[in-house]
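S.K.: Could you have a look at this structure, given as structure tokens, before my questions?
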Amino acid sequence: MSIELRSRRIAVALAWAGALAPSPIPLSGLHKFYLGQPGWGILYLLLSWTQIPRIACAIEGVWMLTQPQEAFTNHWGQQVGSQADASPTIDPTRVNALGVALRELDTLRQDGLISEFEFEQKRRQLLEQIG
């Protein structure tokens, strides 16, 4: 299984094209199609008669431009490969144990016994054990 990378420059350019295009030309949402989110792209096109997609495109363009390349790749990289490759075997008992541990950890956070930072660190450690 490999990861199909998306170009951040193209995604930002498409987002800004949607934000800055003249009103009769519905370019809002093209970046969503490019990033593999056709449902959002269609929604942007359907709402293109309002200013909502233009504002969202501008915000997303800035957001994609300012985030580090690694964060962009982690968020927008797509898994490509056969279905046999995409479904590794995961032991259900480990998943259940992980769920119990995460619930206990969340209870400790809600009770104020650990900080939000400690919760996030422990949560990531637990999730890395599964992955």
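If you want this note's numbering, it's the position in the sequence shown, counting the first as 1, plus 285. Built from N, CA and C at the ideal position, the CB exists for glycine as well.
1) Candidates 384, 302 and 307: which alpha carbon is nearest residue 345's?
2) Counting along the chain, where does the alpha helix (DSSP H) carrying residue 306 start and finish?
3) The alpha helix (DSSP H) that contains residue 337, what's its start and end?
4) For residue 407, tell me which candidate among 391, 397, 396 and 395 has the shortest Cα-Cα distance.
5) Report yes or no: do the stretch 377 to 393 and the stretch 316 to 333 share at least 3 C-beta pairs separated by less than 8 Å?
6) Whole angstroms are fine: how far does the CA of residue 298 sit from the CA of residue 397?
7) Note down the Cα distance separating residue 402 from residue 310, rounded to an integer number of angstroms.
8) Quick one: is residue 307 buried, meaning 16 or more other Cβ sit within 10 Å of its Cβ, or exposed?
9) Let me make sure I understand the geometry here. Which of 394, 293 and 337 has the alpha-carbon closest to that of residue 313?
M.R.: Answer, in terms of the structure:
1) Along the sequence shown, one-based indexing puts residue 345 at 60. Comparing Cα positions, the closest option is 302.
2) Start at 1 with the first residue of the sequence shown, and residue 306 comes out as number 21. In the DSSP assignment, residue 306 falls outside any alpha helix (DSSP H), carrying neither H nor E.
3) Here residue 337 is taken as the residue at index 52 of the sequence shown, counted from 1. Start and end: 337 to 351.
4) Counting from one through the sequence shown, the residue named residue 407 turns up at place 122. Nearest option by C-alpha distance: 391.
5) Counting C-beta pairs closer than 8 Å gives fewer than three between the stretch 377 to 393 and the stretch 316 to 333, which falls short of the contact rule.
6) Position 112 of the sequence shown, counted from the start, is the residue given in the question as residue 397. Position 13 of the sequence shown, counted from the start, is the residue given in the question as residue 298. Roughly 44 Å between the two C-alpha positions.
7) Here residue 402 refers to the residue found at position 117 when the sequence shown is read from its first residue. Here residue 310 refers to the residue found at position 25 when the sequence shown is read from its first residue. Cα-Cα distance, rounded: 46 Å.
8) For the purposes of this step, residue 307 is identified with residue 22 of the sequence shown, where counting begins at 1. With fewer than 16 other beta carbons inside 10 angstroms of its own, residue 307 counts as exposed.
9) Sequence index remark: in the sequence shown, residue 313 carries index 28 (1-based). Of 394, 293 and 337, the residue nearest in Cα terms is 337.
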